[in-house]
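Enquirer: Mapping of the sequence shown onto the working numbering: position 132 corresponds to residue 133, and the numbering continues sequentially without gaps.
Can you keep this structure in mind? I'll have questions shortly.
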Amino acid sequence: MQHYLHNRLLLSTLMPLVGLAAPRMARAQSIPPLRQSMPPKREDGYLEGSYLTATWGGARSWLEEHGVDIQGSYTADAFARVAGGPDTDRPYSYLGSSDASVDVDTGALGAWQGGTLELRFKELHGEGVTEEHLGGLQPVSNLEADRYVTLAEYWYRQELGVLALKVGRQEANVDFAASDYAGTLLNASFGVFPTLELSTYPDWALGAAAFATPVEPLTLQVGVFDGEPDGKKPLGGTRVFSADTERLYVGELQLHSEPIFAGLPGTLRLGGFRHGESYGGYAILDHEVWDSVGVFLQLGVAPQDQNETWLYSGAGIAVTGLLPSRGDDVLSLGVARVQVSPEVRDAETVVELDYEALVTGFFSVKPSLQYIDNPGGQRQIPSALVTGLRAVITL
Numbered sequence: 002m003q004h005y006l007h008n009r010l011l012l013s014t015l016m017p018l019v020g021l022a023a024p025r026m027a028r029a030q031s032i033p034p035l036r037q038s039m040p041p042k043r044e045d046g047y048l049e050g051s052y053l054t055a056t057w058g059g060a061r062s063w064l065e066e067h068g069v070d071i072q073g074s075y076t077a078d079a080f081a082r083v084a085g086g087p088d089t090d091r092p093y094s095y096l097g098s099s100d101a102s103v104d105v106d107t108g109a110l111g112a113w114q115g116g117t118l119e120l121r122f123k124e125l126h127g128e129g130v131t132e133e134h135l136g137g138l139q140p141v142s143n144l145e146a147d148r149y150v151t152l153a154e155y156w157y158r159q160e161l162g163v164l165a166l167k168v169g170r171q172e173a174n175v176d177f178a179a180s181d182y183a184g185t186l187l188n189a190s191f192g193v194f195p196t197l198e199l200s201t202y203p204d205w206a207l208g209a210a211a212f213a214t215p216v217e218p219l220t221l222q223v224g225v226f227d228g229e230p231d232g233k234k235p236l237g238g239t240r241v242f243s244a245d246t247e248r249l250y251v252g253e254l255q256l257h258s259e260p261i262f263a264g265l266p267g268t269l270r271l272g273g274f275r276h277g278e279s280y281g282g283y284a285i286l287d288h289e290v291w292d293s294v295g296v297f298l299q300l301g302v303a304p305q306d307q308n309e310t311w312l313y314s315g316a317g318i319a320v321t322g323l324l325p326s327r328g329d330d331v332l333s334l335g336v337a338r339v340q341v342s343p344e345v346r347d348a349e350t351v352v353e354l355d356y357e358a359l360v361t362g363f364f365s366v367k368p369s370l371q372y373i374d375n376p377g378g379q380r381q382i383p384s385a386l387v388t389g390l391r392a393v394i395t396l
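Here it is, written out as structure tokens:
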């Protein structure tokens, strides 16, 4: 009953904010990620273009027309603990991440129709603030990890009508337990619940996944991945195909529907995983409740006697174009709570408020404010307030 009341409290806190935004966008036919749902960026000048390096004299456009898409970006995170938390000597941090990818449409190259090949290189430098200077369970930045330079992903996906197959080293959270609207927030819990055991950043894993859409509103997907991945290994190992390791199995059902709320699109995701003797389940609801306004609800559970963190709940709202002159900006508010086994500690709650501003077509900044109540589930640590700034430049 306590957890039920808590979830009702999250809803009652967030839903009144929905009415603050005025309609600004045409109604979508299916639920879109926010960035894809924005109006197309103007291309009438360099600053309105999508890339710092522009079109390479037309070479980028020529490659895209022939099925080769090359992308690059740099993300910088700076965070500081401004109040509360444990008494440490360096309550601030900087993280920088480089990302480069090549996607090849094999059909456009005259090979297999419906095929996509991806190679992705990633690098991370700097240090996070959460573990050493907050004592928290939910990293304030979804970039926080040990330093690395690696070929993060290499996979092939083949579309076969209502069926699709994907095999290779990949990030499971891209296809499983992913929320359309929670991804606008920076805290790691909104992306990967603390109760989930997924082969995901920074431990990409070899594996295979299958996706089926037997009828239009329904998608079924299953995957098997290396249960002990090592993201620092350039090739990730081959243990998923051997018999002497604990594989990770995950399955998900997606229901895409429009009439759930006022005729606007929504997606319900129900899934579960098994990793050796450990298992758990999750539910995610993304829904557009007003033109350019989306909300999300998240729930993750795992056996209390086997896991330190056994219950997660999250909720939030994302508003695009709240200011009339800033049609591409995104305001996000989210609440995440993770329940720790009572034999260990108590619960930790995070409240996050972000505002992403598109400065140019290829450069954005996102100020972030996060309040962490009961860091690490330890009441002897004062609640903390953290400020941060993320800057992203698309090369």
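Where a beta carbon is used, it is the ideal one built from N, C-alpha and C, also for glycine.
Predicted, not measured: the structure shown is a model, and the values here were computed from it.
(1) Helix, strand or coil for R391 per DSSP?
(2) Could you tell me whether the Cβ atoms of G169 and Y182 are closer together than 9 Å?
(3) Where do the ends of the alpha helix (DSSP H) carrying V336 lie?
(4) Beta carbon of V130, beta carbon of S94: below 9 Å?
(5) Across the segment 306-318 and the segment 331-346, are there enough close Cβ pairs to call them in contact, namely three or more that are closer than 8 Å?
(6) Which partner residues does H288 have in the DSSP bridge list?
(7) By Cβ distance below 6 Å, which residues in the same chain neighbour T220 in space, the five residues on each side in sequence not counted?
(8) Does DSSP put S94 in a helix, in a strand, or in coil?
(9) What would DSSP say about E278, mapped onto helix, strand or coil?
(10) Which residue comes first and which comes last in the beta strand (DSSP E) that contains L164?
(11) Please report the straight-line C-alpha distance between P41 and V296, rounded to a whole angstrom.
(12) Which same chain residues end up closer than 6 Å to L390 when comparing Cβ atoms and leaving out the 5 residues on each side of it in sequence?
(13) Within 10 Å of its beta-carbon, does V150 have 16 or more other beta-carbons around it, so buried, or fewer, so exposed?
(14) Which residue marks the beginning of the alpha helix (DSSP H) containing W156, and which one marks its end?
(15) On the criterion of 16 or more Cβ atoms from any shown chain inside 10 Å, does L249 qualify as buried, or is it exposed?
(16) Please state whether DSSP places G328 in a helix, a strand or coil.
(17) Can you tell me which of the three DSSP states P368 falls into?
(18) Check this for me: beta carbons of A153 and A210, under 9 Å apart or not?
(19) Since G277 and L197 are thought to touch, with beta carbons under 8 Å apart, how far apart are those beta carbons, to the nearest angstrom?
(20) May I ask which residues mark the beginning and end of the alpha helix (DSSP H) holding W63?
(21) Pull up the distance between the alpha-carbon of D204 and that of V141, whole angstroms please.
(22) Return the first residue and the last residue of the beta strand (DSSP E) that T220 is part of.
(23) Spell out the partners DSSP gives Q381 in its beta bridges.
(24) Once the 5 residues before and after L271 are set aside, which same chain residues still bring their CB inside 6 Å of it?
(25) Closest to G267 by CA distance: which of G252, D287, A60 and F274 is it?
(26) Could you tell me how far apart the beta carbons of E353 and G378 are, in whole angstroms, since I believe they sit closer than 8 Å?
(27) L386 by DSSP, collapsed to three states: which one?
(28) Helix, strand or coil: how does DSSP classify D176 here?
(29) If I follow the unbroken beta strand (DSSP E) through E349, where does it start and stop?
(30) Please return the same chain residues whose Cβ sits closer than 8 Å to the Cβ of G281, not counting the five positions on each side in sequence.
(31) Ends of the beta strand (DSSP E) at E124?
(32) Does the beta-carbon of S62 have 16 or more other beta-carbons within 10 angstroms, so that it is buried, or is it exposed?
(33) Pull up the distance between the alpha-carbon of G224 and that of V339, whole angstroms please.
(34) Tell me where the beta strand (DSSP E) around T310 begins and ends.
(35) Where P87 and W113 are concerned, what is the direct C-alpha to C-alpha distance, given to the nearest angstrom?
(36) Where DSSP assigns a beta bridge to Q255, which residues make up the other side?
Expert: If we stick to the structure as given:
(1) Here residue 391 refers to the residue found at position 390 when the sequence shown is read from its first residue. In this structure, R391 counts as strand in the three-state DSSP scheme.
(2) Locating residue 169 in the sequence shown gives position 168, counting from the first residue. Locating residue 182 in the sequence shown gives position 181, counting from the first residue. Judged by beta-carbon spacing, Y182 lies beyond the 9 Å limit of G169, meaning their Cβ atoms are not closer than that value.
(3) Along the sequence shown, read from residue 1 onward, the residue named residue 336 stands at position 335. Careful: V336 lies outside any alpha helix (DSSP H), inside the beta strand (DSSP E) at V331 to V341.
(4) The count along the sequence shown starts at 1 and reaches residue 130 at position 129. The count along the sequence shown starts at 1 and reaches residue 94 at position 93. Yes, Cβ-Cβ distance for V130 and S94 is below 9 Å.
(5) The count of Cβ pairs closer than 8 Å, one atom from the segment 306-318 and one from the segment 331-346, reaches three, so the stretches are in contact.
(6) Along the sequence shown, one-based indexing puts residue 288 at 287. G267 and V296.
(7) Within the sequence shown, residue 220 is the residue found at index 219, counting from 1. Answer for T220: T214 and Q255, listed in chain order.
(8) Residue mapping note: residue 94 aligns to position 93 of the sequence shown, counting from 1. Reduced to three states, the DSSP call for S94 is strand.
(9) Here residue 278 corresponds to residue number 277 of the sequence shown, with the count starting at 1. Coil, per DSSP.
(10) Here residue 164 is taken as the residue at index 163 of the sequence shown, counted from 1. Boundaries of the beta strand (DSSP E) harbouring L164: L164 to Q171, taken from the DSSP string.
(11) Along the sequence shown, one-based indexing puts residue 41 at 40. Along the sequence shown, one-based indexing puts residue 296 at 295. Interpretation of P41 is limited by its pLDDT of 42, a score under 50 that renders its predicted location unreliable; no figure is taken from the coordinates.
(12) In the sequence shown, the residue the question calls residue 390 occupies position 389. Contacts found: A79 and P368.
(13) Here residue 150 corresponds to residue number 149 of the sequence shown, with the count starting at 1. Classified as exposed, V150 has fewer than 16 neighbouring CB atoms from the shown chains inside 10 Å of its CB.
(14) In the sequence shown, the residue the question calls residue 156 occupies position 155. Run containing W156: none in the alpha helix (DSSP H); it sits in the beta strand (DSSP E), Y149 to L161.
(15) Stepping through the sequence shown from its first residue, residue 249 is reached at position 248. So L249 counts as buried.
(16) Working through the sequence shown from its first residue, we reach residue 328 at position 327. It is coil, neither helix nor strand.
(17) Start at 1 with the first residue of the sequence shown, and residue 368 comes out as number 367. Strand at P368.
(18) Within the sequence shown, residue 153 is the residue found at index 152, counting from 1. Within the sequence shown, residue 210 is the residue found at index 209, counting from 1. Contact flag unset, no.
(19) On the sequence shown, position 276 is the one that residue 277 refers to. On the sequence shown, position 196 is the one that residue 197 refers to. About 15 Å separates the CB atoms of G277 and L197; that is not less than 8 Å, and the two are not in contact.
(20) As a working mapping, residue 63 is identified with position 62 in the sequence shown. Start and end: A60 to E66.
(21) Residue mapping note: residue 204 aligns to position 203 of the sequence shown, counting from 1. Residue mapping note: residue 141 aligns to position 140 of the sequence shown, counting from 1. So the two alpha carbons sit approximately 19 Å from each other.
(22) Reading the sequence shown from its first residue, position 219 is the one you call residue 220. In the DSSP assignment, T220 falls within the unbroken beta strand (DSSP E) covering L219 to F226.
(23) Against the sequence shown, residue 381 aligns to sequence position 380. In DSSP, Q381 forms no bridge with anything.
(24) Locating residue 271 in the sequence shown gives position 270, where the first residue counts as 1. Cβ neighbours of L271 beyond the five flanking positions: L254 and A284.
(25) Locating residue 267 in the sequence shown gives position 266, counting from the first residue. Checked all of G252, D287, A60 and F274; the closest Cα to G267 is D287.
(26) As a first step, residue 353 is located in the sequence shown; it is residue number 352 there, counting from the start. As a first step, residue 378 is located in the sequence shown; it is residue number 377 there, counting from the start. In this structure E353 is not in contact with G378, their Cβ atoms being roughly 18 Å apart against a cut-off of 8 Å.
(27) Numbered from 1 along the sequence shown, position 385 holds the residue referred to as residue 386. Strand.
(28) As a first step, residue 176 must be located in the sequence shown, where it is residue number 175. Assigned with DSSP and collapsed to three states, D176 falls in helix.
(29) For this step, residue 349 is matched to residue 348 along the sequence shown. Residues A348 to T361.
(30) Translated into positions along the sequence shown, residue 281 becomes position 280. Non-local beta-carbon contacts of G281 in its own chain, meaning distances under 8 Å to residues more than five positions away in sequence, involve T196, L197, E198, G273, F274, G301, V302, A303, P304 and N308 in chain order.
(31) If you number the sequence shown from 1, residue 124 lands on position 123. Going by DSSP, E124 is part of the beta strand (DSSP E) stretching over G116 to E128.
(32) On the sequence shown, residue 62 is found 61 positions in, with the first residue counted as 1. Residue burial is scored here from C-beta neighbours: S62 has fewer than 16 other C-beta atoms within 10 angstroms and is therefore classed as exposed.
(33) Walking along the sequence shown from the start, residue 224 turns up at place 223. Walking along the sequence shown from the start, residue 339 turns up at place 338. Distance from the CA of G224 to the CA of V339, rounded to the nearest whole angstrom, comes to 26 Å.
(34) The residue you call residue 310 lines up with position 309 of the sequence shown. T310 to T321 is the extent of the beta strand (DSSP E) around T310.
(35) Stepping through the sequence shown from its first residue, residue 87 is reached at position 86. Stepping through the sequence shown from its first residue, residue 113 is reached at position 112. Roughly 56 Å between the two C-alpha positions.
(36) Within the sequence shown, numbered from 1, the residue matching residue 255 stands at position 254. In the DSSP assignment, Q255 forms a beta bridge with T220 and R270.
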